[in-house]
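S.K.: Residue numbers (UniProt numbering): 1 to 408. We treat Cβ as the ideally placed atom computed from N, Cα and C, and that holds for glycine.
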DNA sequence: GGACGACCTGC
DNA sequence: CAGGTCGTC
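In structure tokens form, the structure reads like this:
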């Protein structure tokens, strides 16, 4: 049976992009409640579905590594279709002689990948797009920190928290599930939603992976079925919103909201059942390119009051529309056009599961942390730096060891 | 504009 | 109660 990929095992093919941990922290970004579909399948390895493919991601200090699994049936067909269209010839990227000498060939190793150069470039572009790597997060952190001492304090530890650019449909219907709910339960619900209504892609170890359901799958499903799966009153919202989109706007409507102004997109979303101000702001920020959208929930309201001495609206019992507007404007004035990105950093830093990161005083990983392994990683990094970008690397930690010995 | 209760379920 | 929304007053 196919297994989850691990970078150090050398059993799967990995590629990489240059990307520092200051620009991206997978552990924070993928588990802070933006997307609910990534799981840590091995230490520092995150597996999830994105763009119709299953990915395992991991990172070293300067690189983002990724492995893509072959889907059950579709991929070969897709590939040949594409080649017929573009006339690009096939090339074998991972030749036997590229295998590290002495590395044992695993039984479960995949057949050598048959991939066109265009596929590879397309996959890299999907990653860059999903993580919005064109946005220089370090520069933004510096700007936010310059005008906001509290942000500077938090940002020192919570580096690399970056906004994902999610699929609008997945984002919308995931966030319809978030009302009156908490992350762990939301994760389970979204998973069951994909299991029940999404197309199966393939199975790794004991886990099956599915695409997020299409609008029509969501619309055609009846409420009772979803209620049985534990969605509660949200079952009706999911079905009705999907139906409303298809009936009154059409299948491309959501994607089209990427190119309309923030407030217009937000109002459009709010016409859907189960979508209020908070969910609409989440969808705007996380899938519709509205970096200025600042989703205000009870949690963010607490942050505003506690850390920013935010007083107006203190009399109110719950978050009113006016408080939404006022706090949103407050943060937009403080942080500027990427206010939503900054908010996600503070939100992440406030999550219970990340509190332990605050405990250890943040030593710049200098002496103590430099164990033998990280030295070898550094050596490994040096050795491949020149050829890293867009080069297929099939390498294992044992290879790093070898190179380390050469270097030192 | 703001307050209130209901809405599903599970920890 | 929990990372809300809706209908009603």
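1. Using 10 angstroms around the beta-carbon of residue 302, count the other beta-carbons present and answer buried if the total reaches 16, otherwise exposed.
2. Under the three-state reduction of DSSP, which class applies to residue 203: helix, strand or coil?
3. To which residues of the same chain is residue 258 closer than 6 Å at the C-beta, ignoring the five residues directly before and after it?
4. Using three-state DSSP, classify residue 248 as helix, strand or coil.
5. Can you tell me whether residue 117 is buried or exposed? The criterion is at least 16 other CB atoms within 10 Å of its CB, across all chains shown.
6. Strictly by DSSP, which residues pair up with residue 42?
7. Looking at residue 154 and residue 349, is the spacing between their C-beta atoms short of 9 Å?
8. Can you tell me where the beta strand (DSSP E) holding residue 14 begins and where it ends?
9. In the DSSP output, which residue or residues are listed as bridge partners for residue 67?
10. Please tell me whether residue 254 and residue 160 are closer than 9 Å, where the distance is taken between their beta carbons.
11. Contact check, residue 331 vs residue 174 under 8 Å by CB: the rounded distance?
12. Which residues mark the beginning and the end of the alpha helix (DSSP H) in which residue 151 is found?
13. Let me check understanding here. Comparing Cα to Cα, which of 342, 354, 359 lies closest to residue 148?
14. Once you ignore the five residues that flank residue 126 on each side, which residues in its own chain have a CB closer than 6 Å to its CB?
15. I'd like to know whether the C-beta atoms of residue 237 and residue 188 end up nearer to each other than 9 Å.
16. Check whether the stretch 125-140 and the stretch 317-331 are in contact - that is, three or more C-beta pairs closer than 8 Å.
17. Can you tell me whether residue 1 is buried or exposed, with buried defined as 16 or more other CB within 10 angstroms of its CB?
18. Where does residue 263 land, buried or exposed, given buried means 16+ other C-beta within 10 angstroms?
19. Ignore the nearest five residues each way along the sequence and tell me which others in residue 138's own chain have a CB closer than 6 Å to its CB.
20. Quick one: what's residue 18 bridged to in DSSP?
21. What's the gap between the Cα of residue 267 and the Cα of residue 284?
22. Throw me the rounded Cβ distance for the residue 213 and residue 193 pair, which I believe falls under 8 Å.
23. According to DSSP, is residue 179 part of a helix, a strand, or is it coil?
24. Tell me, to the nearest whole angstrom, how far the beta carbon of residue 44 is from that of residue 58; I am working on the premise that it is less than 8 Å.
25. Short check: CB of residue 46 to CB of residue 17, under 9 Å?
26. Given that a residue counts as buried once 16 or more other Cβ atoms are within 10 Å of its Cβ, and exposed if not, what is residue 337?
27. Quickly, what does DSSP pair residue 310 with across the bridge? List them, please.
28. Excluding the 5 residues preceding and the 5 following residue 150 in the sequence, name in chain order all residues of the same chain whose CB lies nearer than 6 Å to its CB.
29. Expressed to the nearest angstrom, what Euclidean distance is found between the alpha-carbon atoms of residue 326 and residue 124?
30. How many Å lie between residue 70 and residue 115 at the Cα?
31. Can you tell me whether residue 304 is buried or exposed? The criterion is at least 16 other CB atoms within 10 Å of its CB, across all chains shown.
32. Could you work out which residue in 135, 24, 49 is closest to residue 61 when comparing CA atoms only?
33. Can you give the Cα-Cα distance for residue 63 and residue 247, rounded to whole angstroms?
34. Does residue 65 pass the burial test, meaning 16 or more other C-beta atoms within 10 Å, or should it be called exposed?
35. Taking the alpha carbon of residue 355 as the reference point, which residue from 201, 158, 221, 228 has its own alpha carbon closest?
36. Note down the Cα distance separating residue 186 from residue 244, rounded to an integer number of angstroms.
M.R.: Quick look at the numbers:
1. Your numbering for residue 302 matches position 302 in the first chain. The residue in question, residue 302, is exposed, as its Cβ has fewer than 16 Cβ neighbours within 10 Å.
2. Position 203 of the first chain, counted from the first residue, corresponds to residue 203. It is a strand residue.
3. Sequence index remark: in the first chain, residue 258 carries index 258 (1-based). Result list for residue 258: 288, 289, in chain order.
4. Numbered from 1 along the first chain, position 248 holds the residue referred to as residue 248. Helix at residue 248.
5. Sequence index remark: in the first chain, residue 117 carries index 117 (1-based). The residue is exposed, with fewer than 16 neighbouring Cβ atoms inside 10 Å.
6. Looking up residue 42 in the first chain gives position 42. Answer is 45.
7. Start at 1 with the first residue of the first chain, and residue 349 comes out as number 349. Start at 1 with the first residue of the first chain, and residue 154 comes out as number 154. It is a contact, given that the beta carbons lie within the stated cut-off.
8. For the purposes of this step, residue 14 is taken as residue 14 along the first chain, with counting starting at 1. Where residue 14 is concerned, there is no enclosing beta strand (DSSP E), given that its DSSP letter is neither H nor E.
9. The count along the first chain starts at 1 and reaches residue 67 at position 67. Paired residues: 56.
10. Sequence index remark: in the first chain, residue 254 carries index 254 (1-based). Sequence index remark: in the first chain, residue 160 carries index 160 (1-based). No, these two residues do not count as a Cβ contact at 9 Å.
11. Within the first chain, residue 331 is the residue found at index 331, counting from 1. Within the first chain, residue 174 is the residue found at index 174, counting from 1. About 23 Å; that fails the 8 Å criterion.
12. Locating residue 151 in the first chain gives position 151, where the first residue counts as 1. Where residue 151 is concerned, the enclosing alpha helix (DSSP H) stretches over 149-155.
13. As a working mapping, residue 148 is identified with position 148 in the first chain. The shortest C-alpha separation from residue 148 is found at 342.
14. In the first chain, counting from the first residue as 1, residue 126 sits at position 126. Excluding sequence neighbours, residue 126 sits near 51.
15. Residue numbering aside, residue 237 sits at position 237 when the first chain is read from its first letter. Residue numbering aside, residue 188 sits at position 188 when the first chain is read from its first letter. Cβ distance not < 9 Å, so residue 237 and residue 188 don't count as in contact.
16. no
17. The count along the first chain starts at 1 and reaches residue 1 at position 1. Residue environment: residue 1 is assigned as exposed (fewer than 16 neighbouring CB atoms within 10 Å of its CB, all protein chains considered).
18. By 1-based counting over the first chain, the position of residue 263 is 263. Residue 263 should be labelled exposed.
19. The count along the first chain starts at 1 and reaches residue 138 at position 138. So the qualifying residues of the chain are 22.
20. Within the first chain, residue 18 is the residue found at index 18, counting from 1. BP columns for residue 18 point to 63.
21. Locating residue 267 in the first chain gives position 267, counting from the first residue. Locating residue 284 in the first chain gives position 284, counting from the first residue. For residue 267 and residue 284, the distance between alpha carbons rounds to 10 Å.
22. Walking along the first chain from the start, residue 213 turns up at place 213. Walking along the first chain from the start, residue 193 turns up at place 193. Contact check for residue 213 and residue 193: beta-carbon distance about 6 Å, within the 8 Å limit, so the pair qualifies.
23. As a first step, residue 179 must be located in the first chain, where it is residue number 179. Assigned with DSSP and collapsed to three states, residue 179 falls in coil, not helix or strand.
24. Here residue 44 is taken as the residue at index 44 of the first chain, counted from 1. Here residue 58 is taken as the residue at index 58 of the first chain, counted from 1. Rounded, the Cβ-Cβ distance is 5 Å, consistent with contact.
25. Taking the first residue of the first chain as position 1, residue 46 is located at position 46. Taking the first residue of the first chain as position 1, residue 17 is located at position 17. Not in contact: residue 46 and residue 17 (Cβ atoms no closer than 9 Å).
26. Residue mapping note: residue 337 aligns to position 337 of the first chain, counting from 1. By the neighbour-count rule (16 or more Cβ atoms within 10 Å), residue 337 is not buried but exposed.
27. As a working mapping, residue 310 is identified with position 310 in the first chain. Bridge partners of residue 310: none, in fact.
28. Here residue 150 is taken as the residue at index 150 of the first chain, counted from 1. Once the five neighbours on either side are set aside, the close Cβ partners of residue 150 are 307.
29. Working through the first chain from its first residue, we reach residue 326 at position 326. Working through the first chain from its first residue, we reach residue 124 at position 124. Distance between the alpha carbons of residue 326 and residue 124 is about 39 Å.
30. Within the first chain, the letter at position 70 stands for residue 70. Within the first chain, the letter at position 115 stands for residue 115. Rounded to the nearest angstrom, the two C-alpha atoms are 11 Å apart.
31. Looking up residue 304 in the first chain gives position 304. With 16 or more other Cβ atoms within 10 Å, it is buried.
32. The count along the first chain starts at 1 and reaches residue 61 at position 61. Closest option to residue 61, Cα to Cα, is 24.
33. Taking the first residue of the first chain as position 1, residue 63 is located at position 63. Taking the first residue of the first chain as position 1, residue 247 is located at position 247. Taking the straight line joining both Cα atoms gives about 45 Å.
34. As a working note, residue 65 is residue 65 in the first chain. Buried.
35. One-based indexing of the first chain puts residue 355 at position 355. Comparing Cα positions, the closest option is 158.
36. Locating residue 186 in the first chain gives position 186, where the first residue counts as 1. Locating residue 244 in the first chain gives position 244, where the first residue counts as 1. Taking the straight line from one Cα to the other gives about 23 Å.
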